[in-house]
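>
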Amino acid sequence: MKKIKLIFEGGLGNQLFQLAYGKYLQNKFECDVQYDISKFKTESVEYREFELDSFKISKSWKREDIKKGRIKRFGFRYIIYTPITYLYLRIRTSLKNTRKQIILDNLYLHGINIIGIHRCHFANYTDPSFSLLSPMLIYGQWIWKEMVKSQENYLKDEIKVVTPLSDSNAHFLEQIKSTNSVGVHIRRGDYVTLGLIACNIKYYEACIKRMSEIENNAVFFIFSDDIQWVKDNLKVEAPLVFIDNNNPSPEDMRLLYSCNHFIMSNSTFSWWGAFLGKCPTKKVMCPRYWDIKNMKKESSLIFDEWIKIDNSQYL
Numbered sequence: 212m213k214k215i216k217l218i219f220e221g222g223l224g225n226q227l228f229q230l231a232y233g234k235y236l237q238n239k240f241e242c243d244v245q246y247d248i249s250k251f252k253t254e255s256v257e258y259r260e261f262e263l264d265s266f267k268i269s270k271s272w273k274r275e276d277i278k279k280g281r282i283k284r285f286g287f288r289y290i291i292y293t294p295i296t297y298l299y300l301r302i303r304t305s306l307k308n309t310r311k312q313i314i315l316d317n318l319y320l321h322g323i324n325i326i327g328i329h330r331c332h333f334a335n336y337t338d339p340s341f342s343l344l345s346p347m348l349i350y351g352q353w354i355w356k357e358m359v360k361s362q363e364n365y366l367k368d369e370i371k372v373v374t375p376l377s378d379s380n381a382h383f384l385e386q387i388k389s390t391n392s393v394g395v396h397i398r399r400g401d402y403v404t405l406g407l408i409a410c411n412i413k414y415y416e417a418c419i420k421r422m423s424e425i426e427n428n429a430v431f432f433i434f435s436d437d438i439q440w441v442k443d444n445l446k447v448e449a450p451l452v453f454i455d456n457n458n459p460s461p462e463d464m465r466l467l468y469s470c471n472h473f474i475m476s477n478s479t480f481s482w483w484g485a486f487l488g489k490c491p492t493k494k495v496m497c498p499r500y501w502d503i504k505n506m507k508k509e510s511s512l513i514f515d516e517w518i519k520i521d522n523s524q525y526l
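The sequence shown maps to residues 212 to 526 in the working numbering.
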């Protein structure tokens, strides 16, 4: 594989997973990387912004020109990919976790790889295989902890916010670095408006209480996309500092990963903040279940050293 084209989409947490996967493929296959941010500029279904310009992106990576329309962006292969994927998803739902489903997944992946597209829909992450076309289009979320872990030292040095720090954020950063700081990320936003999977406020209160018991002089720095709601509803006896600057996501990420310890929500933004933290005695508390509608399946994103909190009891 001589070249890959990385298709960015989603929020900052997902963009960082995509960035990490691009670096993983570049190092493994010694290939050139092009990347495409057209979805953020041309598709109404993508309501986020491309936010990695606030981070350091390798100068060897080439950004593609913005193009409107997936046929223009991906060529005729997209005409083939679309009906194949539609049929695959329809058939897969009827197989219900049987061996035939695994066979179908493998056949689908090999089939779209041949036409130069690599996308995993159900977290059965693999490397690209043989392709007749170049560049290989890398499409999807790639929320794959083992891939990130395999590059841990490199990514922790490489992934950092490089935009200038505002005076107000410099004040928060000084507080974070001068205390036994615990970053608490409370995700609401679209999780609430779309009726998705927001953790209950009682989960965060329980985590803060437990972290106070195991960490001396802990100071809790509260990050949220609904900070006023959190101020009104978070009831704990602990020193709290609310990050209420209306920061863009990269600014909150810089402050978050600078903390010593972490209390996570069930979001990829939260995950990256905790992963990038460099304190040698770092403690991370995270929800055991990320899909609140399915409390039987533990999240596959949790590292062994993280403290799993049974959030099913806080509903």
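Glycine included, every Cβ here is placed at the ideal spot set by N, Cα and C.
Alpha carbon to alpha carbon, how far is Glu357 from Ser469? Give it in angstroms, no decimals.
Position 258 of the sequence shown, counted from the start, is the residue given in the question as residue 469. Position 146 of the sequence shown, counted from the start, is the residue given in the question as residue 357. So the two alpha carbons sit approximately 23 Å from each other.
> Would you mind stating whether Tyr297 and Ile328 have Cβ atoms separated by less than 8 Å?
Locating residue 297 in the sequence shown gives position 86, counting from the first residue. Locating residue 328 in the sequence shown gives position 117, counting from the first residue. No, they are not a contact pair.
> If distances are taken between C-alpha atoms only, which option among Ile518, Thr253 and Tyr289 comes closest to Met347?
Here the question's residue 347 lines up with position 136 in the sequence shown. Comparing Cα positions, the closest option is Tyr289.
> When you compare only the Cα positions, how much space is there between Leu445 and Lys214?
The residue labelled residue 445 in the question sits at position 234 within the sequence shown. The residue labelled residue 214 in the question sits at position 3 within the sequence shown. About 49 Å.
> Does DSSP put His382 in a helix, in a strand, or in coil?
Counted from its first residue, the sequence shown places residue 382 at position 171. In the structure shown, His382 sits in a helix (DSSP, three-state: H, G or I).
> Mind checking whether Ile474 and Met506 have CB atoms under 8 Å apart?
As a first step, residue 474 is located in the sequence shown; it is residue number 263 there, counting from the start. As a first step, residue 506 is located in the sequence shown; it is residue number 295 there, counting from the start. No; because the gap between Cβ atoms is not below 8 Å, this pair is not in contact.
> Kindly list the residues whose CB is nearer than 7 Å to the CB of Gly406, restricted to its own chain and excluding five residues on each side of it in sequence; keep chain order.
In the sequence shown, residue 406 corresponds to position 195, counting from 1. Reliability of the predicted coordinates at Gly406 is poor, the pLDDT of 49 falling under 50, and the value obtained from them is presented with this limitation in mind. Cβ within range, chain order: n/a, list empty.
> Where does Lys283 fall in DSSP's three states?
To locate residue 283, count along the sequence shown from 1; it is residue 72. Looking at Lys283 - three-state DSSP - the assignment turns out to be helix.
> Taking Tyr525 as part of the alpha helix (DSSP H), name the residues at either end of that continuous run.
Numbered from its first residue, the sequence shown carries residue 525 at position 314. Unbroken run through Tyr525: none, as it is neither H nor E.
> On the DSSP letters alone, give me the boundaries of the alpha helix (DSSP H) that Gly224 sits inside.
For the purposes of this step, residue 224 is identified with residue 13 of the sequence shown, where counting begins at 1. Gly224 -> alpha helix (DSSP H) spans Leu223 to Phe240.
> Taking just the CA atoms, how far does Asp443 sit from Trp355?
For this step, residue 355 is matched to residue 144 along the sequence shown. For this step, residue 443 is matched to residue 232 along the sequence shown. If you take the alpha carbons of Trp355 and Asp443, they lie about 35 Å apart.
> Of all the options Pro375, Phe434, Ser478 and Lys388, which has the alpha carbon lying nearest to the alpha carbon of Cys410?
Numbered from 1 along the sequence shown, position 199 holds the residue referred to as residue 410. Of the candidates Pro375, Phe434, Ser478 and Lys388, the one whose C-alpha sits nearest the C-alpha of Cys410 is Ser478.
> Which value, in whole angstroms, describes the spacing of the CA atoms of Gly221 and Ser255?
Against the sequence shown, residue 221 aligns to sequence position 10. Against the sequence shown, residue 255 aligns to sequence position 44. Taking the straight line from one Cα to the other gives about 12 Å.
> Tell me the start and end of each unbroken alpha helix (DSSP H) in the region 449 to 496 that is at least 4 residues and wholly inside, in chain order.
460 to 468 and 479 to 487
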